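With my numbering applied, the sequence shown closes on residue 484, and no number is skipped along the way.
Just so it is clear, CB atoms sit at the ideal spot from N, CA and C, and this is done for glycine as well.
Please read all numbers here as calculations on a predicted model, not as lab measurements.
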Amino acid sequence: MPEQQALTERVPLAEAAGGQTPKGRRFRARIIQGDIQGSSGFYPAEMLKRDAGVFREGLPVFLDHPGATEAYDRPERSVRDLAGRLATTAVYEGDGLYADVEVYPHWAPVIEAMSGDIGMSIRASGTVEASKDEAIRGPIVTALTEAASVDFVTAAGAGGKIVALLESARAQAGDLLRKATEAQTPTGQKAEVEEARNVGHWLESRIHSLFTQIADDMFGEGQLTRDERIALSNAIGEGLTAFNAVVAEKVPHLYERDIYDDPTPPDPATEVSEGDQPGSEPDEEPEQIVEADTTDTAPSKVAVIENEPGSSPAVENEREGEMPELNEDQARELEEARKTLEAEKAQALQEAAAAKAEAEKALKEAARLRAAEAARPIAVQMVTQADMPAAARVRVLDEALRQVPLTEDNKLDEAGFKARVDQLVTAEASYLASLAEAAGVGQVRGLGESTAGAATEQERANTSLIATQLEEAYVRRGMTPEAAKLAAAGRP
């Protein structure tokens, strides 16, 4: 009878990228492959075709599945863990369920940096039932009833891949840059903007990420109301729009320079202004310059530009490419953000390595159990042929199956196992023989006496002593007194 069960299946992000690192906000993903054996059960292709709609457009994508405590205390999850959403409803195409995954701008660089060490995993509910097909091991998923999320996780499994990048992580900001640049471009001249992983967009994403984290913490601690939090969200959006416009006007090359490239040294020839070129004539009369007071007692002053009466206001020229310096708080926040990102990546790599080691350990244990099942009939046949009491046979069998030798591909080493059983049988037989010899069994007694076939009192005493010594030996080896007595009575 089918029963309801929580389902989780994971896909490596590196495998999902089809051999390339996802560098955009949106990509095509195979959520789960059809007709495969997953960790929760076997997923028939026909069932996935029928129930594909549970992975609907807008389904959230989080960082990590929730822990047991979070699933109870906050089942709706935290906004700080929300990394994206499904941009389309899943459909069955070819070999599995496919959908577009859209990552939020401030998480796109982080997902890109960790793509080689993380995976994607579904969180869903469905019904399962026992398999009646010998070719299918484990339960069969008969229906998908609800999908909670498709998450980025540290430990990857199997079942899907990302097949195509669709949208650049810098598309929206690139449009703003293009519009601002075109506004500064003379008529008839084409302005070109190359979308890339650049300094301008990286700074924008980090500003948004830091602001969101601080505002969410204040809202969670009751320092902001819901309306105030919404207003602040609108404010940061407008602020970043202004930020993009100023950067596009003042230093547009930051939208072209990769975040890992060094700044290009300025060309000395370009630092000579047009007014300084030889032979140039000023269009207007020169403006009067009031020199700064440079005496020892007066503070240093910057030169002030004055206008002739009736002339237009003077404008102080800025040096080409000069940017305002960051204050200490801004520099400290950026440095803390960098350190936080590096720590998070290091932690993710450490968790991924631990999960990989745990998975390898589980696979090794599963292989050992399968080998033990395959070795049991071999050991039973060999021990049955041995000339020893039944209790001794059981003891040899248990010891032989306690540690089964494996080959390099984690399968039963049959030759090595048979040799181990032979050694255990020989050792047990030697031990029993030593006990019997110590008790005097097999020695010639009563030679020349006429007993008419009846055992003497001394022989009966020896027989009783042997039985007692064997019982005590079996008890010392872990048998109960009752079992030891039966084993001694059944000795050959």
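Under the three-state reduction of DSSP, I24 is assigned to strand. Less than 8 Å separates the beta-carbon of R17 from that of E94. In the DSSP assignment, G88 falls within the beta strand (DSSP E) that extends over G88 to V95.
Contact between V375 and V417 holds, since their C-beta atoms are separated by about 7 Å, short of 8 Å.
Beta-carbon to beta-carbon, S141 and V71 are separated by about 13 Å, too far to satisfy the 8 Å threshold. Counted as a single uninterrupted DSSP element, the stretch harbouring L202 is not any beta strand (DSSP E) but the alpha helix (DSSP H) occupying residues V191 to G212.
Just measuring C-alpha positions, the residue of T217, A223 and F235 sitting nearest H193 is F235.
When secondary structure is reduced to three states using DSSP, R42 falls in the helix class. Nearest in C-alpha terms to T81, of all of G50, A100, R69 and V238, is G50. E230: member of the alpha helix (DSSP H) spanning R218 to K242, first to last residue. Scanning its chain for C-beta atoms nearer than 7 Å, with the 5 sequence neighbours on each side dropped, one finds around D43 the residues A135 and L136, in chain order.
Between A122 and P131, the C-beta gap is smaller than 8 Å, which places the two residues in contact. For F54, no alpha helix (DSSP H) segment is defined; the enclosing uninterrupted segment is the beta strand (DSSP E) at P52 to F54. In this structure, the straight-line span from the alpha carbon of P255 to that of W99 is close to 25 Å. The three-state reading of DSSP puts Q377 in coil, since its state is none of H, G, I, E or B. By the Cβ test, the segment 85 to 92 is not in contact with the segment 321 to 331, since fewer than three Cβ pairs between them sit closer than 8 Å. Put simply, of A347, P58 and L398 the residue whose alpha carbon is nearest the alpha carbon of A116 is P58. In the DSSP assignment, V145 is bridged to G111. The beta-carbon separation of F47 and V133, rounded to 14 Å, does not stay under the 8 Å limit for a contact. With 16 or more other Cβ atoms inside 10 Å of its own Cβ, E463 counts as buried. By the neighbour-count definition (other C-beta atoms within 10 Å, threshold 16), D390 is an exposed residue. In the three-state scheme derived from DSSP, where H, G and I count as helix and E and B as strand, S117 is classed as strand. The straight-line gap separating the alpha-carbon atoms of R368 and E429 is approximately 32 Å.
Annotation for G76: no alpha helix (DSSP H) segment contains it, though the beta strand (DSSP E) segment containing it runs L74 to L78. The beta carbon of A79 lies closer than 8 Å to those of R18, E49, A91, D92, V93 and E94 in the same chain, with the five residues before and after it left out.
By the criterion of a C-beta distance shorter than 7 Å, A364 is surrounded in its chain by L393 and V396, once the five residues flanking it on both sides are discounted. For E400, no alpha helix (DSSP H) encloses it, and the DSSP letter there is neither H nor E. For V413, the enclosing alpha helix (DSSP H) has its first and last residue at E406 to A430. In the DSSP assignment, I103 is bridged to no other residue. Sixteen is the threshold: when 16 or more other Cβ atoms of the shown chains lie within 10 Å of the Cβ of T119, as they do, the residue is buried.
By the neighbour-count criterion, in which a residue is buried when 16 or more other Cβ atoms sit within 10 angstroms of its Cβ, V238 is exposed.
In the three-state DSSP reduction, E126 falls in the coil class, being neither helix nor strand. Using a Cβ distance threshold of 8 Å, D109 and A340 count as a contacting pair. For V388, the enclosing alpha helix (DSSP H) begins and ends at A382 to R394.
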